[in-house]
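Numbering (the working numbering), first residue to last: 153 to 493.
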Amino acid sequence: MVFVLARLWARMTSTVTWRTPLLVLLTVFVTSWAAMALLDRDSGIADPGHYWWWFLVTASTVGYGDFFPTTTGGRIVGAYVVLGGVVTLTTFFTHLAATLATAKGRRMHGLLDHDLADHLVLVGWTPGRTDRLVADLRSDGTVPIVVCAWEDQLEQHPLPETADVHFVRGDLTDLAVLRRAHPERARAVLVDARDDNEAVTLTVAAEEAAPGVHTVVTLRDVARRRTIRRIDATVHCVQWHALGLVFDELSDPGIAEVYDALMTPGGPSTWSTVVPAGATATYGAWQQALGPARSTTLLAVAVDGDVRVSPAWDTPVPAGAVLYYVGPARIEPADLRAALA
């Protein structure tokens with residue numbers, strides 16, 4: 153028996169699995185029951201209706217004392233059961249600690265598969281930029297984020313203490329690596345690469361891993377969007393330096409296209425005009441005066457240098473204030489007066 157336990161312990165310490173504690177417990181249970189039936193017949197412990205209970209309280213070292221051996225051999229079996237229980241618990245908690253340490257190590261090194269949905273996937277890492285973007289996106293505390301970085305960019309999780317921020321590390325052109333972030337179930341994917349050539353490459357990988365998901369790509373040269381559109385016409389391209397616009401596009405898909413349309417020559421654009429004397433009115437009156445007649449939408453008003461975006465319609469707009477609006481052309485002060493009249 154000692155030889156068997158020695159071999160069992162050697163195997164247990166070299167290749168511990170979740171089966172090992174169960175194997176030890178089962179071995180001790182079966183052998184101790186047979187030994188107790190042989191060495192302590194008069195105590196009644198070996199009775200099938202009693203032994204499982206006595207074994208449970210003895211192996212756990214609780215020892216209620218409702219059943220106890222009455223012979224020396226029975227006491228030796230009891231000590232053997234206590235030892236088996238201690239070994240089982242020790243093995244279990246040792247393996248549990250090792251499993252938790254391994255899982256933490258895999259998490260810190262970006263090797264885990266993150267079973268998420270309706271989350272954001274950020275492909276690429278730039279110190280001081282990506283962490284700021286993550287902080288902005290996490291400001292409402294509702295959307296989980298998976299940060300994906302090249303293996304030469306980060307050694308381990310850059311934001312381990314930030315709630316619901318997960319990490320994937322590896323070759324980002326490898327679909328098996330990207331799929332650890334489950335981009336196909338994401339709310340949106342942001343490709344924020346180190347340069348525009350890499351952005352094109354990662355967009356190809358992201359579109360293959362997550363076709364149909366809202367994808368945003370940052371570009372230093374926005375003219376490269378023509379190349380991106382050949383990959384997928386629905387991908388939204390944003391100027392790399394416009395971090396605020398990146399945040400807006402991720403939160404409200406399509407808003408970057410609105411900005412692009414406003415900045416494209418030959419179409420509707422943003423303008424400003426000073427309100428002339430004798431044309432005092434409320435913000436709502438100006439909105440109604442400019443909209444139907446001139447296909448113009450009032451955005452904001454500045455009074456004494458204080459800019460108010462979309463204020464209440466009863467806000468007074470005195471002469472000398474500045475109107476900011478979107479329309480097909482600039483409106484001259486004289487035309488403003490005429491439109492109000």
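Beta carbons: idealized from backbone N, C-alpha and C, even for Gly.
Residue range of the alpha helix (DSSP H) that includes A357 | Looking at the DSSP string, the run of the alpha helix (DSSP H) that includes A357 is D348 to A361.
Output the distance between the C-alpha atoms of G457 and Q391, rounded to the nearest integer angstrom.
-> Whole-angstrom Cα-Cα distance: 29 Å.
Quick one: Cα of L450 to Cα of V478, how far?
-> Taking the straight line from one Cα to the other gives about 6 Å.
When DSSP labels each residue in this structure, what does I297 get in the three-state scheme?
-> The answer is strand: DSSP assigns I297 an E or B state.
Using three-state DSSP, classify L450 as helix, strand or coil.
-> Secondary structure at L450: strand, using DSSP grouped into helix, strand and coil.
Alpha carbon of T432 to alpha carbon of E401, nearest angstrom | T432 and E401: Cα-Cα distance of roughly 37 Å.
Does the distance from the CB of L327 to the CB of E360 come in under 8 Å?
-> For L327 and E360, yes; Cβs fall inside 8 Å.
Would you list, in sequence order, the uninterrupted alpha helix (DSSP H) runs of no fewer than 4 residues that lie entirely inside the region 419 to 446?
-> Segments of the alpha helix (DSSP H) lying fully in the region 419 to 446: 435 to 446.
Can you tell me which of P470, A385, Y476 and D267 puts its alpha carbon nearest to the alpha carbon of V461?
-> Selection P470, A385, Y476 and D267 evaluated against V461 yields Y476 as nearest (Cα-Cα).
Three-state secondary structure assigned by DSSP to V286 | Judged by DSSP in its simplified three-state form, V286 adopts helix.
Spatial distance of Q110 from H388 (CA atoms) = Absent from the structure is residue 110, since the part of the chain shown begins at 153 and ends at 493.
What three-state label does DSSP hand F319 in the structure shown?
-> Strand at F319.
Return helix, strand or coil for A340, following the three-state DSSP convention.
-> Three-state result, A340: strand.
Answer yes or no: do V182 and G236 have a C-beta to C-beta separation smaller than 8 Å?
-> No.
Where the beta strand (DSSP E) containing R460 begins and where it ends = Segment D458 to V461, the beta strand (DSSP E) holding R460.
Could you tell me whether the Cβ atoms of P310 and D283 are closer together than 8 Å?
-> For the 8 Å CB-CB criterion, P310 and D283 form a contact.
Near D265, what residues of its chain come up, given a Cβ to Cβ distance below 6 Å and the 5 sequence neighbours on each side ignored?
-> Answer for D265: R332, listed in chain order.
For P468: DSSP bridge partner residues = P468 is bridged to T434.
How is V154 classed by DSSP in three states: helix, strand or coil?
-> Because V154 sits at a pLDDT of 41, beneath the cut-off of 50, its placement in the model cannot be relied upon, and the following sentence gives the value as read from the coordinates. Of the three classes helix, strand and coil, the one that applies to V154 here is helix, per DSSP.
Would the beta-carbon of G262 fall within 8 Å of that of V320?
-> Closer than 8 Å, so yes.
Leaving out the 5 sequence neighbours to the left and right, which residues in its chain are closer than 7 Å to G396 when beta-carbon positions are compared?
-> Only residues of its own chain outside the window of five on either side were considered, and among them none has a CB closer than 7 Å to the CB of G396.
Would you kindly check if the distance between the Cβ of V275 and the Cβ of L354 is under 8 Å?
-> For L354 and V275, yes; Cβs fall inside 8 Å.
On the three-state DSSP scale, how would you describe G262?
-> Looking at G262 - three-state DSSP - the assignment turns out to be coil, as it is neither helix nor strand.
Alpha carbon to alpha carbon, how far is R378 from V298?
-> Their Cα atoms are separated by approximately 28 Å.
Which class does T223 belong to by DSSP, given the choice of helix, strand or coil?
-> Correct three-state label for T223: coil.
Limits of the alpha helix (DSSP H) - the one that T278 falls within = Membership of T278 in any alpha helix (DSSP H) is not indicated, and neither H nor E is assigned to it by DSSP.
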